[in-house]
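Undergrad: Residue numbers (this note's numbering), protein chains in the order written: chain V, 4 to 116; chain X, 2 to 419.
One structure coming up, written as structure tokens, with questions to follow.
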């Protein structure tokens, strides 16, 4: 099992969610997050005072999948989240040792879907 | 008795009472949200609370003795006596020295709202780091030893500056210059917020609050300025128009300067500019014509922008929400501009300014500024030293880091979980 963390452009969320649904990936946790990359954020100005390095708004998706779904999930995200510009975000893949469904106590692959 | 009833004008009375409520609206929620949006999340309640409590405290101070000190029977041009303590003798009968066509009590409550907002303006300078107890003591002492005497000098019957012919239609000197100068002194005395000038960012936590508060200030200011005509008459309409005109010019000017200087016109800039215009036209609104009001507004936008964006940064004092840059600088400009642009064609009770052939009024306005700057600065210095000796004005370092909402009021403005 893998734990997929994707940081994407906020305006791409709807398309990515639809694309994940088409790939039959339903379990997704979504958060508003702030961050920066090589562009070092943006500059804001308040009453003439420049505030450099202000963090950019991004969306973070967290998705737990069985091995079979790793590649389709990655492709589904890339297909819709890519604009080709700086700031499209990243996908991180982590090993996932265990999953437990709280309602039933089921463990492992059966608990994921 | 019959004569008094005839002299009383119900339209005037209605307008002054309405204006009183409008001026209250300037402090809460107008100023409270204008300032509240500009501070960080952890301090927003402390600012709202300070604005709110000032309404409570100064309302009582004013009724008990503040009104009597400011407008009561004169003692040698310096201060009113305590004959009107607890509003003794301040009732339905008009006081023709101040407003002949409305109940004396209506004039009193209108002025109460001015006494309330003036110390509230100062909150912006020490925001995010003043102890609540210190704030309370400072506010009461400042109202008593700065606002009340200065108000008497400029507006009270027998006041020495009034005797010299000083013109301040609605409080450019008594309200804005006094609070702005005091704010500058306080900012220096209480010191910078932790990390100020060292890379810590003080991003406004809720710009829509600030824009909303600024818009409410503009709305309430019609009571402040047009209400100062003390009647529902031509002069009130005139002050209404000059107020709106100067504000529009200043808001636009500030945004355009930013556009040129920083690449973008900001909402905060437009609102800040509008407030600078409101401040600058305040002393002048009943004495100048609408076209000159445009000029007063444009200059206010320019000089207040530079005071806030350039002078503050260059000198390094932490006037957190720019009380000096906007109210001090704008108030001084407006007071001087009154001496330049006032014309008797607008208001017979006024004077002709420098540009209308009379240098005398301009010199009087200069004296008014000098006296107010020195008086407010010296008194604020003394009052701060007293407060600091009594309770230590500033919160502890750890409290400042955690935020005043939690450490001074045991509350949080926003929950993050249900």
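Note that the Cβ used here is the ideal one computed from N, Cα and C, for glycine as well.
Taking DSSP's pairing of strands, which residues face residue 65 of chain V in a bridge?
TA: DSSP, once it has assigned bridges, lists V/8 and V/32 as partnering residue 65 of chain V.
Undergrad: My assumption, with CB atoms under 8 angstroms, is that residue 321 of chain X sits in contact with residue 126 of chain X. Please give the rounded CB distance.
TA: Confirmed, about 6 angstroms.
Undergrad: Any beta carbon of chain X sitting closer than 8 angstroms to that of residue 39 of chain V?
TA: Not closer than 8 angstroms to any Cβ of chain X, the Cβ of residue 39 of chain V fails to qualify, so no.
Undergrad: So that I know if they touch, is there some Cβ in chain V lying closer than 8 angstroms to that of residue 281 of chain X?
TA: Not one chain V Cβ lies under 8 angstroms of residue 281 of chain X.
Undergrad: Give the residues of chain V in contact with residue 269 of chain X, contact being defined as C-beta atoms less than 8 angstroms apart.
TA: In chain order: 49 and 50.
Undergrad: Give a yes or no on whether the C-beta atoms belonging to residue 117 of chain X and residue 151 of chain X are separated by under 8 angstroms.
TA: Not closer than 8 angstroms, so no.
Undergrad: Using 8 angstroms as the cut-off, can you tell me whether the region 312-321 of chain X makes contact with the region 281-290 of chain X, which would need three or more C-beta pairs spanning the two stretches below that distance?
TA: With a cut-off of 8 angstroms, the region 281-290 of chain X and the region 312-321 of chain X do not count as touching, because too few Cβ pairs lie within range.
Undergrad: Can you name the residues of chain X whose CB is closer than 9 angstroms to the CB of residue 54 of chain V?
TA: Ordered by position in chain X, the residues that pass the 9 angstroms Cβ test against residue 54 of chain V are 202, 203 and 204.
Undergrad: Please report the residue range of the alpha helix (DSSP H) in which residue 164 of chain X lies.
TA: Per DSSP, residue 164 of chain X belongs to the alpha helix (DSSP H) from 161-164.
Undergrad: Given this structure, state the Cα-to-Cα distance separating residue 192 of chain X from residue 340 of chain X, to the nearest angstrom.
TA: Looking at the two C-alpha atoms, the distance is approximately 35 angstroms.
Undergrad: Quick one: is residue 2 of chain X near chain V, going by C-beta distance under 8 angstroms?
TA: Here residue 2 of chain X scores only 41 on pLDDT, less than 50, and its place in the model should not be relied on; the value that follows carries that caveat. Residue 2 of chain X does not count as touching chain V.
Undergrad: Sorted by chain position, which residues of the same chain lie with C-beta nearer than 8 angstroms to residue 26 of chain X's C-beta, five sequence neighbours on each side aside?
TA: Closer than 8 angstroms at the Cβ level, and outside the excluded window around residue 26 of chain X, lie 217, 220, 221 and 224.
Undergrad: Could you spell out the range, first to last residue, of the beta strand (DSSP E) harbouring residue 94 of chain V?
TA: Element bounds for residue 94 of chain V: 92-98.
Undergrad: Is the Cβ of residue 309 of chain X closer than 8 angstroms to any Cβ of chain V?
TA: Interface residue, yes.
Undergrad: Between the alpha carbons of residue 209 of chain X and residue 94 of chain X, how many angstroms are there, rounded?
TA: Cα to Cα, residue 209 of chain X sits roughly 44 angstroms from residue 94 of chain X.
Undergrad: Determine whether the Cβ of residue 323 of chain X lies closer than 8 angstroms to any Cβ atom of chain V.
TA: Closer than 8 angstroms: yes.
Undergrad: Where does residue 102 of chain X sit, in a helix, a strand or coil, going by DSSP?
TA: The answer is coil: DSSP assigns residue 102 of chain X none of H, G, I, E or B.
Undergrad: Taking C-beta to C-beta, are residue 388 of chain X and residue 146 of chain X nearer than 8 angstroms?
TA: Contact flag unset, no.
Undergrad: Let me know the secondary structure DSSP gives residue 5 of chain X once reduced to three states.
TA: Bear in mind that the predicted position of residue 5 of chain X carries a pLDDT of just 46, short of 50, making it unreliable; the figure below should be weighed with that in mind. Residue state, collapsed to three classes: helix.
Undergrad: Give the straight-line distance between the Cα atoms of residue 11 of chain V and residue 37 of chain V, rounded to the nearest whole angstrom.
TA: The straight-line gap from Cα to Cα measures roughly 11 angstroms.
Undergrad: Specify whether the region 395-415 of chain X and the region 35-52 of chain X touch according to this definition: at least 3 beta carbon pairs, one from each stretch, less than 8 angstroms apart.
TA: Touching, yes.
Undergrad: For residue 312 of chain X and residue 34 of chain X, what's the separation of their Cα atoms in angstroms?
TA: Whole-angstrom Cα-Cα distance: 26 angstroms.
Undergrad: Quick check on the burial criterion: 16 or more other C-beta atoms within 10 angstroms. Buried or exposed for residue 103 of chain V?
TA: Label assigned to residue 103 of chain V: exposed.
Undergrad: Would a check of beta-carbon distances place residue 318 of chain X closer than 8 angstroms to chain V?
TA: No, residue 318 of chain X lies away from the interface with chain V (no Cβ there is under 8 angstroms from its Cβ).
Undergrad: Just to make sure I have the definition right: I need the residues of chain V whose C-beta is within less than 9 angstroms of the C-beta of residue 306 of chain X. Which are they?
TA: Neighbours of residue 306 of chain X on chain V, chain order: 50 and 51.
Undergrad: Does residue 420 of chain X get closer than 8 angstroms to chain V when you measure Cβ to Cβ?
TA: Summary: the structure shown does not reach residue 420 of chain X, with chain X confined to residues 2 through 419, and so no result is reported for it.
Undergrad: Residue 265 of chain X CB to nearest chain V CB: under 8 angstroms?
TA: Answer yes: the Cβ-Cβ gap between residue 265 of chain X and chain V drops below 8 angstroms somewhere.
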